[in-house]
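Quick note: to get our numbering, add 353 to the position in the sequence shown (first position is 1).
Where a beta carbon is used, it is the ideal one built from N, C-alpha and C, also for glycine.
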Amino acid sequence: MRAAAVGRARPRKPEPSPAQSAPSSLKAKLAKLGIRREFDLVLHLPLRYEDETRLTPIAEAREGVPVQVEGTVTESRIAYRPRRQLVCRIEDESGSLYMRFLNFYGSQAKALVAGARVRAFGEVRPGFFGAEMIHPRYRMVRAGTPLPEALTPVYPTTAGLPQAALRRLIERALAQCELDETLPREITERLGVPAFRDAIDALHRPRPGDDARALTGRTHPAWRRMKLDELLAQQLSMRLHYRERKSRTAPALKAAGALTAGLLKRLPFRLTRAQSRAWAEIERDLGEAHPMHRLLQGDVGSGKTVVAALAALRTVENGLQAAVMAPTEILAEQHYRKFSEWLAPLGVPLGWLSGGQKKKDRAAAAADIASGATRVAVGTHALFQQGIAFEALGLAIVDEQHRFGVEQRLALRAKGSDSKGSDSKGSDNKGSGSGNARDAEPHQLMMSATPIPRTLSMSYYADLDVSLIDELPPGRKPVTTKLIAAERRDEVLARVRDACRAGRQAYWVCPLIEDNGLADDAPAGEARAAGRRPGRRQAEALQLQNVLDTHARLAAEFAELRVGLVHGRLAAAEKAAVMADFSAGKIQLLVATTVIEVGVDVPNASLMIIEHAERFGLAQLHQLRGRVGRGVADSACILLYQKPLGEIARARLKAIYESGDGFEIARQDLLLRGPGEYLGVRQSGAPLLRFADLERDLDLLETARDLAPQLLRQHPQYAERHLERWLAGKSELMKV
Ligand code: ADP
Ligand code: MG
354 MRAAAVGRAR
364 PRKPEPSPAQ
374 SAPSSLKAKL
384 AKLGIRREFD
394 LVLHLPLRYE
404 DETRLTPIAE
414 AREGVPVQVE
424 GTVTESRIAY
434 RPRRQLVCRI
444 EDESGSLYMR
454 FLNFYGSQAK
464 ALVAGARVRA
474 FGEVRPGFFG
484 AEMIHPRYRM
494 VRAGTPLPEA
504 LTPVYPTTAG
514 LPQAALRRLI
524 ERALAQCELD
534 ETLPREITER
544 LGVPAFRDAI
554 DALHRPRPGD
564 DARALTGRTH
574 PAWRRMKLDE
584 LLAQQLSMRL
594 HYRERKSRTA
604 PALKAAGALT
614 AGLLKRLPFR
624 LTRAQSRAWA
634 EIERDLGEAH
644 PMHRLLQGDV
654 GSGKTVVAAL
664 AALRTVENGL
674 QAAVMAPTEI
684 LAEQHYRKFS
694 EWLAPLGVPL
704 GWLSGGQKKK
714 DRAAAAADIA
724 SGATRVAVGT
734 HALFQQGIAF
744 EALGLAIVDE
754 QHRFGVEQRL
764 ALRAKGSDSK
774 GSDSKGSDNK
784 GSGSGNARDA
794 EPHQLMMSAT
804 PIPRTLSMSY
814 YADLDVSLID
824 ELPPGRKPVT
834 TKLIAAERRD
844 EVLARVRDAC
854 RAGRQAYWVC
864 PLIEDNGLAD
874 DAPAGEARAA
884 GRRPGRRQAE
894 ALQLQNVLDT
904 HARLAAEFAE
914 LRVGLVHGRL
924 AAAEKAAVMA
934 DFSAGKIQLL
944 VATTVIEVGV
954 DVPNASLMII
964 EHAERFGLAQ
974 LHQLRGRVGR
984 GVADSACILL
994 YQKPLGEIAR
1004 ARLKAIYESG
1014 DGFEIARQDL
1024 LLRGPGEYLG
1034 VRQSGAPLLR
1044 FADLERDLDL
1054 LETARDLAPQ
1064 LLRQHPQYAE
1074 RHLERWLAGK
1084 SELMKV
């Protein structure tokens, strides 16, 4: 940042205006703003508005309030200390101030000479020489030059593209582009929103007397029209995407055989009502000859795995293979154990494939998958890498789907159409014979314990079908959550000792140490390793050191207990061995990093200690807390925090303390962080909303959701034009 600013500090010559500059550089700047077509300029809406309709006497300008002043230049010079800058004093009848420019062109210095009259807009601050405006927007005027009658729009822009130039480009686009309606009159009238043309006009060229607050605050009717249009485009594209998927082919897994029935009979428990409902929905989808894309949502511990196992068995009953993919080795390993327990008695051959495996083992596992000897393959994302070919993949189950990247999703979809050994991407839809997996794409069952807030499932996830397990298995007790300051660590140690003496087990989680100091946007799973930032390696080293130290200290403090250690740097086999020992009760206290965050299921563990809880994200805390409360004992989660707490950290801890409900927590998280984190996979695929805010504009989101099918049905040509206007070229990205 700084270096760039210094670099620009001494332009030798005035830069040509963007209109004259090489079109490619202007194009690049516009592209940075997301402007690719002429019409994108029309949709490049102001960030805020400035009131240049009035002049403020210089003496009355209050600090920090943007004002417009007009005065005569009394002095203008180039100073060289502390750095080269143009300093220019102006005065009116009431007083004077300095304008200071750190970046300026020679032509500016020439124009701002004593006697010239200037109108400047900016905020006044106390400066070294007296009151000053730094880098005000200004223009040279003659005495009596009329003031604008309406508010001045200020656009989001980028370095090297001044407001004035951008404004000219937008003016030109407004004159040239067709601003016709994409909504039938009866609809705009019924909804009481202005016509598109009027809304665009009101936003780019506010009328005299228009309300600056409503315009800047985006509550003005013109803004509502734009937000509705944007949300509607999203809904339309989601619906079309959904329809398009329903036109593709997948094997119809209709036959209900002995395997699913056998598992249901052998389970030591009965499915909850919610699990049965979810299974019925999945069963119905799998029986259709179109790819299922279903998200199975259920709070931590709601029992998604057994539903996934039923789906896998249904696939096997129909002569095809199923794959189960988890984002971490630990979780995949655990699924493998659960599936072995359930599938072995039924005689279903299970395979295991992971990145941590020995080359030879992996090759053998891959060969069994390719030959079809393996009917259900469990593993990490290694399952969907190059060179892994299924004999006939009918269903891909993806646990914690939001942790996978877009490439992995693409690779997954392509696996169904693989003929042996080849890794072709394009899915081939010509096959009509259901049951022939080679011509069809696999069904997908995605699972998530991070509940997607309603606003998100109505928008970014609208093309997925969702099953919800909204009930926990019987006998679960709520986990007590305690917030304890780090100084009171001794009390916590006593609790750990008591729990372990009583035959229970405990987790002790060490925090992520972040390179940027924000635990929030930490790439938590192995699958996200792509976005490495500088410093990550160092942060990992620190984190490793921290968890090693903590383990050593706790092992010394609890000489009488067996204290285990698990972290991301351990070899897969070591990790698996530690987890197996913990599962078997051979380890009583497990010191861990967030590698245990998702899915780990050890019912006898009843105490969860999270150190530096203030550094974790809400979803993470909820996941970690979900590791306990799975057995018969009363469970507790202790959040150790370090003072002082920042505002957001405080809000997060309050939210997790006050609620045990994953949906409420997800909603709070969305409020605190915005939708970015949740989108995961979709983030890179779906165009993000620019104007609408899912929470604040919920009413518009609902309107758009209801309007989309109506428009497609009754006015398809309007729908098409609307999509073209708002998403031209961009909806392609969503076909993942
Ligand atoms: P999650 O939805 O978090 O993945 P799991 O599938 O790991 O949850 O299930 C948590 C625990 O609950 C497991 O030990 C599982 O065997 C058990 N379980 C699942 N369904 C039921 C049920 N209907 N009744 C009792 N226990 C169940
Ligand atoms: Mg799970």
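- In this structure, the C-beta of threonine 733 stays at least 8 angstroms away from each heavy atom of ligand 2.
- Look at glutamate 840 here: in three-state DSSP terms it is helix.
- If you draw a 10 Å sphere on the C-beta of leucine 1041, you find fewer than 16 other C-beta atoms in it, and that means exposed.
- Around the beta-carbon of threonine 613, 16 or more other beta-carbon atoms lie within 10 Å, marking it buried.
- Nearest in C-alpha terms to aspartate 816, of all of Val845, Leu465 and Leu648, is Leu648.
- For phenylalanine 474, the secondary structure class from DSSP, reduced to helix, strand or coil, is strand.
- With at least 16 other beta carbons inside 10 angstroms of its own, glycine 732 counts as buried.
- Here the alpha carbon of alanine 605 sits roughly 55 angstroms from the alpha carbon of glutamate 524.
- Comparing C-alpha distances from alanine 972 to each of Arg1005, Asn957 and Val953 shows the shortest one belongs to Arg1005.
- When beta bridges are read from the DSSP output, leucine 974 appears opposite no residue.
- With a threshold of 8 angstroms, the Cβ atom of glycine 1013 does not count as near ligand 1, since no heavy atom of the ligand is closer than that.
- Placement of the Cβ of aspartate 954 at a distance of less than 8 angstroms from at least one heavy atom of ligand 2 is found.
- For cysteine 990 and glycine 545, the gap between their C-alpha atoms comes out near 51 angstroms.
- Residue pairing by DSSP leaves isoleucine 683 without any beta bridge partner.
- Judged by the Cβ position, threonine 572 fails to qualify as a neighbour of ligand 2 at the 8 angstroms threshold, every heavy atom of the ligand being at least this far.
- Within its own chain, the residues whose Cβ lies closer than 7 angstroms to the Cβ of leucine 400, once the five positions on either side in sequence are excluded, are Val507, Tyr508 and Pro509, listed in chain order.
- Nearest Cα to threonine 658 within the set Ala685, Gly672, Pro644 and Asn671: Ala685.
- A direct Cα-to-Cα measurement between valine 955 and histidine 965 gives close to 23 angstroms.
- The alpha-carbon separation between methionine 486 and threonine 498 amounts to approximately 22 angstroms.
- Taking 8 angstroms as the upper bound for CB-CB distance, leucine 514 and lysine 380 are not in contact here, some 11 angstroms apart.
- If you check the CB distance, glycine 468 and proline 419 do not come in under 9 angstroms.
- Look at threonine 511: its beta carbon is at least 8 angstroms from all of the heavy atoms in ligand 1.
- For threonine 668, the shortest separation between its Cβ and any heavy atom of ligand 2 does not lie below 8 angstroms.
- With contacts defined as CB atoms closer than 9 angstroms, leucine 706 and alanine 697 fail to qualify as a contacting pair.
- If you check the C-beta of phenylalanine 935 against ligand 1, you find no heavy atom less than 8 angstroms away.
- Of all C-beta pairs linking the region 525 to 532 to the region 542 to 560, three or more are shorter than 8 angstroms, placing the two stretches in contact.
- By the Cβ criterion, the region 661 to 670 is not in contact with the region 851 to 865, since fewer than three pairs of Cβ atoms, one from each stretch, lie closer than 8 angstroms.
- Annotation: the region 971 to 1023 contains the following complete segments of the alpha helix (DSSP H) (minimum length 4 residues), in chain order: 971 to 978 and 1000 to 1011.
- For arginine 442, the uninterrupted beta strand (DSSP E) run begins and ends at 438 to 444, by DSSP.
- When secondary structure is reduced to three states using DSSP, glycine 740 falls in the coil class, being assigned neither helix nor strand.
- Of the residues assessed, glutamine 739 falls on the exposed side of the cut-off, its CB having fewer than 16 other CB atoms within 10 angstroms.
- By the C-beta density criterion, alanine 716 is exposed, having fewer than 16 other C-beta atoms within 10 angstroms.
- Across the structure, valine 466 and glutamate 428 are spaced so that their CA atoms are roughly 7 angstroms apart.
- For alanine 749, the enclosing beta strand (DSSP E) begins and ends at 746 to 751.
- Rounded to the nearest whole angstrom, the CA to CA distance from aspartate 987 to leucine 993 is 19 angstroms.
- At least 9 angstroms separates the beta-carbon of arginine 434 from that of leucine 455.
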